[in-house]
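In this note's numbering, the protein residues as written are 21 to 535.
Just so it is clear, CB atoms sit at the ideal spot from N, CA and C, and this is done for glycine as well.
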C-alpha cells in the first residue's frame, strides 16, 4: 500500500510543478519586458533623489565653459524638474498646400515607398545586413500580439524646400520603419513654408503611413530662423521642439526606453540609420547590444567629403572642436581632424566609434529618457552661458543629468544632397561595406576594439562656439548649390577604388555599384 501511495504523491508533485511552470510562462508572456507604464510618474522618486543630489553650486572659471555645470539657480522651463505638461496636447495643423502641386507628386510617392524605383537620380544605397539588425526588431509577447504596444522608435524631422532630396531621405526612413516594425514607430515632421512640393509630398504620405500602421504627425510652422531680428538658435530650438511634441506631450503612448531618430535634410541610406540605431542600442529584450550609448551621430560632409560640415555642434573629449576653425570663420584648409586628440584620431581613421562631448552631424539617434524624465528640450544659451548652438546645448544638458555616453559612428557619412552623399560615400565607403570590412577582418582585435571605453566625466573645459554671424538662408543654399556643382564636375575624374568594393554589396534596385 505504501509504495502505490508514494507514487501517487509523486505524480501530484509533477502535476503541480507543471501547473506552476505554465503560470510562470503565462505571466511572463502577458507582462513582457516592454510595459506601457507612464515614464514620468514612474520616476518621481528618482527625480527627487536627483534634485537633492544636484543642490550643490558649481562655479565656472571666466572665459571658458564648464562641461557639466549644474546651476542651482536654474529656473528656466527647460530645466524645471517637475515642469511636466499638464494640458492636453492639441496637434497643430497644416497650411500652405497647393492643389495643383498635389496632382503631380505621384512619382515622389512611388519613389518613397519603393526602394527599387529608379525614376529619380537619387543616391543608390545597399541593402542593409538583415542578420546584423534583426535584433532591433522587438519580439512579440502573447499580450502585445493582441494589444496595441507602446511605440519604441520616434523619428523626427524639420524640413523646408527640399523636394529633390525626399525620394532618398524619406525612402530610407520608411524602409527603416519597415525593418523595425511599423506599429512600433512614430514619424513626426514639421515643415516650414515651401513652394517646390515639399508640403504636398509630406501631406500625401499620411495615407501611406496609415496603411503601414505608423503614427504620423505632420504640421507646418511659420517659425523662421532667418527672419531679420530673430535669434537663429532660439528659432531652431523651437522648431526642433515642435517635432518632438508628439513624444513629450504624449509620453503614455511610448515605451520608457524609446529611441529618438532626429534627422536633418540629408541624403542618407537605410543602412546608415540602422547602423546608428544599432550602435546606440542599449537594452533590447534583456540584452545589452553594442555601445549602450545615450546618443550617437554620424559624420556630415561638404565638398565631396573633403570638409567636415558640423563644426559648430561637435566637441571631442578634450573639449575642442573636431576641426580647428580660423578666427575669420572659414574652414581649416587642411581639414585636420582631432589635431590635439591622437586617441580619437586613431579611432576615427580606423572608422571605429569614439566618444565625444557633443555632436549632431546631420542627425542624431538618442534615448528619450532625458526628455521624458528630466524635461530637457532644445534651447538657446542663457545669459550666464557662452554662445552655443542648440544641439551642443542639448548634449551639455545630457551630460548634466548623467547621459554622457555620446559617440560618433564614423562608418556613417552623409551629405546634404544626393550627389554630395554619393561622392562622400565614394571617398569613405557605405556603412555596410565598412561594417563588413571590420567583421571579415581575420584579426579579432578589430572587433574587440570597436567597443568604446566610456569616460564618465565630461571635459573640464569646452570650447564655446564663436558667433561670427548667423548665416542667412540664401548663404546656406548657395553653399549647398556650389558643393553640388563641384561634385558633378569632379565625379568623372574620381577614383574607382570604392566602386570595386561596392561589387560585394547588393543594392536596393538590384543593380551594380553607384557610379
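Closest to residue i by CA distance: which of the options is it?
| i | options | result |
| --- | --- | --- |
| residue 205 | 215, 194 and 214 | 194 |
| residue 260 | 422, 400, 483 and 107 | 400 |
| residue 378 | 360, 410, 402 and 357 | 410 |
| residue 471 | 253, 298, 443 and 129 | 298 |
| residue 232 | 199, 476 and 250 | 199 |
| residue 442 | 362, 289, 310 and 485 | 289 |
| residue 374 | 405, 296 and 421 | 296 |
| residue 273 | 361, 168 and 258 | 168 |
| residue 138 | 175, 170 and 188 | 188 |
| residue 424 | 154, 313 and 269 | 313 |
| residue 319 | 283, 243, 310 and 360 | 283 |
| residue 393 | 370, 418 and 408 | 418 |
| residue 182 | 158, 151 and 128 | 128 |
| residue 244 | 230, 236, 270 and 214 | 214 |
| residue 478 | 525, 450, 458 and 420 | 420 |
| residue 154 | 405, 291 and 450 | 291 |
| residue 449 | 140, 173 and 525 | 525 |
| residue 173 | 276, 151, 457 and 372 | 276 |
| residue 456 | 398, 382, 372 and 476 | 372 |
From the DSSP output, which residues share a beta bridge with residue i?
| i | result |
| --- | --- |
| residue 279 | 173 and 387 |
| residue 421 | Bridge partners of residue 421: none, in fact. |
| residue 549 | No answer is possible for residue 549: the residues shown for the chain start at 21 and end at 535. |
| residue 193 | BP columns for residue 193 are empty, so no partner. |
| residue 237 | 208 |
| residue 221 | None, per the DSSP bridge assignment. |
| residue 287 | 435 |
| residue 378 | 335 |
| residue 455 | Answer by DSSP bridge pairing: none, since residue 455 is not bridged. |
| residue 526 | DSSP lists no partner for residue 526. |
Go through its chain and collect everything with a Cβ distance to residue i's Cβ below 8 Å, but skip five positions before and after it.
| i | result |
| --- | --- |
| residue 234 | 197, 202, 203, 205, 206 and 207 |
| residue 503 | Model confidence at residue 503 stands at a pLDDT of 42, short of 50, so the residue's coordinates are unreliable and nothing is read from them. |
| residue 358 | 336, 342, 364, 365 and 368 |
| residue 126 | none |
| residue 390 | 314, 396, 417, 418, 421 and 423 |
Find out if the Cβ-Cβ distance for the pair residue i, residue j is shorter than 8 Å.
| i | j | result |
| --- | --- | --- |
| residue 117 | residue 223 | yes |
| residue 265 | residue 179 | no |
| residue 210 | residue 263 | yes |
| residue 431 | residue 293 | no |
| residue 384 | residue 315 | yes |
| residue 370 | residue 280 | no |
| residue 269 | residue 474 | no |
| residue 287 | residue 454 | no |
| residue 356 | residue 149 | no |
| residue 225 | residue 267 | no |
Near residue i, which residues of its chain fall below 6 Å by C-beta distance, leaving aside the five closest residues on each side in sequence?
| i | result |
| --- | --- |
| residue 121 | 217 and 220 |
| residue 302 | 312 |
| residue 112 | 239 |
| residue 300 | 313, 316 and 385 |
| residue 416 | none |
Pull up the CB-CB distance for residue i and residue j, whole angstroms please, since I reckon it's below 8 Å.
| i | j | result |
| --- | --- | --- |
| residue 241 | residue 212 | 6 Å |
| residue 317 | residue 380 | 6 Å |
| residue 414 | residue 396 | 7 Å |
| residue 171 | residue 278 | 7 Å |
| residue 427 | residue 376 | 6 Å |
| residue 433 | residue 445 | 6 Å |
| residue 485 | residue 360 | That belief does not hold up - the Cβ atoms of residue 485 and residue 360 are roughly 18 Å apart, past 8 Å. |
So, for residue i: in the same chain, excluding its five sequence neighbours on each side, which residues have a beta-carbon less than 7 Å away from its beta-carbon?
| i | result |
| --- | --- |
| residue 229 | 207 and 236 |
| residue 133 | 194 and 228 |
| residue 253 | 400, 409 and 410 |
| residue 483 | 335, 339, 340 and 341 |
| residue 140 | 131 and 187 |
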